[in-house]
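Numbering follows our numbering, in which position 46 of the sequence shown is assigned residue number 71; successive positions increment by one, without gaps.
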Amino acid sequence: MELVILSAAIIIGMGALATGIGFALLGGKLLESTARQPELAPQLQTKTFIMAGLLDAVPMIGVGIAMYLIFVVAPGMAG
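This is the structure:
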């Protein structure tokens, strides 16, 4: 049972870490692209916000899977 909870914690932690790295790369590329071609800034910003929304789905899915492991799989192992 402890391994299920540990694996859920690892899923949530890795999802958060990957999202943080993804946002850092996305923001850096936005600034780099905007500095190269300032006239495309509104289009780049719109596409960046769409990608940020998609990138936010990664930890949400991880939290959903972790909650499934904790509340569905782990209680079944107790008895």
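From the three backbone atoms N, C-alpha and C, an ideal C-beta is built for every residue, glycine too. This structure is a prediction, so every number in the text was calculated from the model and none was measured.
Asked                                                                                            : Found
Proximity below 8 angstroms, CB of Ala91 to CB of Ile46                                          : no
C-beta contact flag for Met102 and Met26 at 8 angstroms                                          : yes
Distance between Met76 and Pro63 (C-alpha atoms, nearest Å)                                      : 20 angstroms
Same chain, Cβ closer than 7 angstroms to Ile30, five either side skipped, listed in chain order : Ile95, Ala99
Bounding residues of the alpha helix (DSSP H) (the contiguous stretch that carries Ile35)        : 27-61
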